[in-house]
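What follows is a set of notes on a single structure, which appears directly below.
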Amino acid sequence: MVTESDTSAIGDALVVLGAAGVVIPAFARFKISPVIGFILVGLLVGPSGLGALAADYPWLKHVTIASAEDIALFGELGIVLLLFSIGLELSFRRLWQLRKLVFGIGAAELFLAGAILGTALYLFGNHSTAAAYGLGIALALSSTALVLPIAGTKSAVGRASFSMLLFEDLALVPIIFVLAALSPTASGDSAELLFTTLWQAAAVVAALAIGGWFLLPRIFAQAARAKDPELFLAASLLVVIVAALATAGVGLSPIVGALLAGLMIAETEYHEEVESITAPFKGLALGVFLISVGMGLNLKTIAAQWSGLVAAVVGVVVIKALVTAALLRFSSVARRGTATEVGLLMASPSETTLIVLATALQAQIISRDTAEFWQIVTAIGLTITPLLARIGHDIARRIEMRSGDTQADETPEGRTVVVGFGRVGRTVAELLREHERPYVAVDADIDTVAAARRDGFAVRFADVARPGSLDKLGIETANAIVLTMDDPVQQLRMTRQLKQKYPDLPVISRARDANHAAALYKAGANDAVPETLESSLQLAEAVLIDLGVAMGPVIASIHDVRAKMRRDIMTKGDLDHEPRIRKLRRPVERSEEGA
């Protein structure tokens, strides 16, 4: 027999799945973050949207969600799976490398922003000292659930954001205990309870790390031998849930356990399989969390207090953005553009802000009306996070463009000019930088230029297809020019132009194949490197050796193919010397020499 609660649960699942099926493709089509779509769906189907009409129109019960608590558990699972997937992308070695950012910039950002917000609330908000600074530290938290999917963890913006967010997640438990200790009804053993929680948490984390080191490879090995995707998925979810419950059981946030589980699995050879098999669940569950955020928006309260809410949101965003950007910039951790982008990306309150507000309310530090006001501010802040990220990215791009042009003009004479900054151009620039050779790179894609500058490369924006653009690159003082763009016609035209103006300038160009290389040599290039040749030869070498063919005959045949290629290029390019097409073989190790 189907009960009313069963029907309600099925209706909630229908709303969530329907929202995911409509929101994600619709917003992706218009290149808008689905985060906004999920929050708007929550507002539409929640108690202050169509849910308010369910009493008059009973059929609306099937397409609305009566309470955010009904889907809260699945939303929390979304955050847990998000942190788990982030852990899979990391490693303990990389985490150790970020320790200065985590406990330096991360701690400074949280406490400085919290202190400034708390002081502002104390002076202008008619709050007690405990309430003002409790609200300040709550609002200083930033959203892990939204920031990391936008920024990732591998870019300069992602590394800085992740470091600060990780410290905030670790600091959540002490913040909650301090608020409980400040309660008018608090007992005198709060400090002792905090100490007990901290040592128990350390013991649980150590136990999980040691247990995971020995058990996880064996568990996933058994799942892999079974060749059953369902078993692999079950093992992955089991590890995540056990780790999250273990840390939650001693007072830590469950997302700390999820992150630790991801880190442990990242050290095994099964992390890619685990990441791919849990990705659909993470996206759907995170969408549920965002729907619950939208359901927390009370339209009547927003309409009644819109001026105060706007002032509060703007104040929080401005203070946090300035504090974060200033810390990153003045500590020389990030460039100006990166610091600006991270500042705006981290400017909104967090989902954990809601947890701290609930704790402060329970501890009777703030009133219910105050808690509801700042909960709405938090929900609005979460809603505008993708917009702030877009604004921050655009501002950072403009800053990098202005600063990059000045730096490029100051590059010393005798530099190498790299035209095009895709995968090939970036590799060339990395090696030039490693060997301390001055260079300047140019690219016609402004996003590529901005991203490269944030990573520390000397790149400027220029469209070499426009007449006169080459003259602005200082080619007359360059030692060489490297053409890496994937445009054969443009490469030929530029090679001819360069050789006409600067006959003594070495021109090294990327070529698609032997015919293109021959045409480039005929146009005057000093070196043209066919990109398909060596990859094809190395692939053939690997196949033949794996098939059991002796190394000697394989190398001989590859040399023959390479020699034939040289002769073809010489003939087609009218060369009087062989082109430099060869495979740079790695030096023989001493152990191999002595064998």
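Its first residue numbered 993, the sequence shown is counted upward by one per residue in my numbering.
Ideal Cβ placement from N, Cα and C applies to all residues, glycine included.
- Looking at the backbone, the Cα of Ser1135 and that of Val1434 are separated by about 36 Å.
- With at least 16 other beta carbons inside 10 angstroms of its own, Gln1483 counts as buried.
- According to the DSSP secondary-structure assignment, Asp1435 is paired through a beta bridge with Phe1453.
- Per DSSP, the continuous beta strand (DSSP E) segment holding Arg1502 begins and ends at 1499 to 1503.
- Scanning its chain for C-beta atoms nearer than 6 Å, with the 5 sequence neighbours on each side dropped, one finds around Leu1529 the residues Ile1550, in chain order.
- Taken in chain order, the whole alpha helix (DSSP H) runs of length 4 or more contained in the segment 1462 to 1540 are 1480 to 1493, 1506 to 1515, 1523 to 1538.
- Residue pairing for Val1170: DSSP places it in no beta bridge.
- Between Thr1487 and Gly1414, the beta carbon gap of about 18 Å keeps them out of contact (Cβ cut-off 8 Å).
- Here Arg1425 has Tyr1431, Phe1449 as same chain residues with Cβ atoms under 8 Å from its own Cβ, once five neighbours each way along the sequence are excluded.
- DSSP places Val1305 in the uninterrupted alpha helix (DSSP H) bounded by 1298 to 1322.
- Taking 7 Å as the cut-off, the Cβ atoms of Leu1374 and Val1285 count as close.
- Beta-bridge partners of Val1410 (DSSP): Ala1433, Val1474.
- In this structure, the alpha-carbon of Phe1206 lies about 22 Å from that of Asp1220.
- Inter-segment contact for the segment 1320 to 1335 and the segment 1345 to 1354 is absent: fewer than three beta-carbon pairs are separated by less than 8 Å.
- Here Ile1269 really is in contact with Ser1228; their C-beta atoms are around 6 Å apart, less than 8 Å.
- As for any alpha helix (DSSP H) of minimum length 4 sitting wholly inside the segment 1212 to 1264, the runs are 1221 to 1241, 1246 to 1258, ordered along the chain.
- By the beta-carbon neighbour count (other beta carbons within 10 angstroms, threshold 16), Met1256 is buried.
- Residue nearest to Val1411 within the set Val1451, Arg1445, Trp1088 is Val1451 (criterion: CA-CA distance).
- Sequence-distant partners of Thr1524 (beyond 5 residues in either direction) whose C-beta falls short of 8 Å from its own C-beta, in its chain, are Arg1504, Asp1505.
- The beta carbons of Gly1117 and Leu1171 sit about 17 Å from each other, so the pair does not count as a contact at 8 Å.
- The criterion of a C-beta distance shorter than 7 Å is satisfied by Ile1071 and Phe1281.
- Ranked by Cα distance from Leu1190, the options Leu1162, Ala1215, Leu1102, Ala1253 are led by Leu1162.
- In this structure, the beta-carbon distance from Gly1406 to Leu1251 does not fall below 7 Å.
- Taking the Cβ atoms as the reference, Val1441 lies roughly 18 Å from Ile1473, outside the contact range of under 8 Å.
- The alpha-carbon separation between His1119 and Val1305 amounts to approximately 18 Å.
- A contact is defined here as three or more CB-CB pairs under 8 Å, and the segment 1293 to 1311 fails this definition with respect to the segment 1086 to 1098.
- Secondary structure at Gln1356: coil, using DSSP grouped into helix, strand and coil.
- Rounded to the nearest whole angstrom, the C-alpha separation of Leu1006 and Ala1355 is 37 Å.
- Between the segment 1360 to 1372 and the segment 1141 to 1161, the count of Cβ pairs shorter than 8 Å is below three; the stretches do not touch.
- Rounded to whole angstroms, Leu1042 and Leu1349 show a C-alpha spacing of 27 Å.
- Assigned with DSSP and collapsed to three states, Asp1560 falls in helix.
- Contact between Val1325 and Ala1216 does not hold, since their C-beta atoms are separated by about 41 Å, which reaches or exceeds 8 Å.
- Annotated three-state conformation of Asp1161 is helix, per DSSP.
- Non-local beta-carbon contacts of Thr1260 in its own chain, meaning distances under 8 Å to residues more than five positions away in sequence, involve Leu1208, Pro1209, Phe1212 in chain order.
- In the assembly as shown, Arg1085 is an exposed residue. Its beta-carbon has fewer than 16 other beta-carbons within 10 Å.
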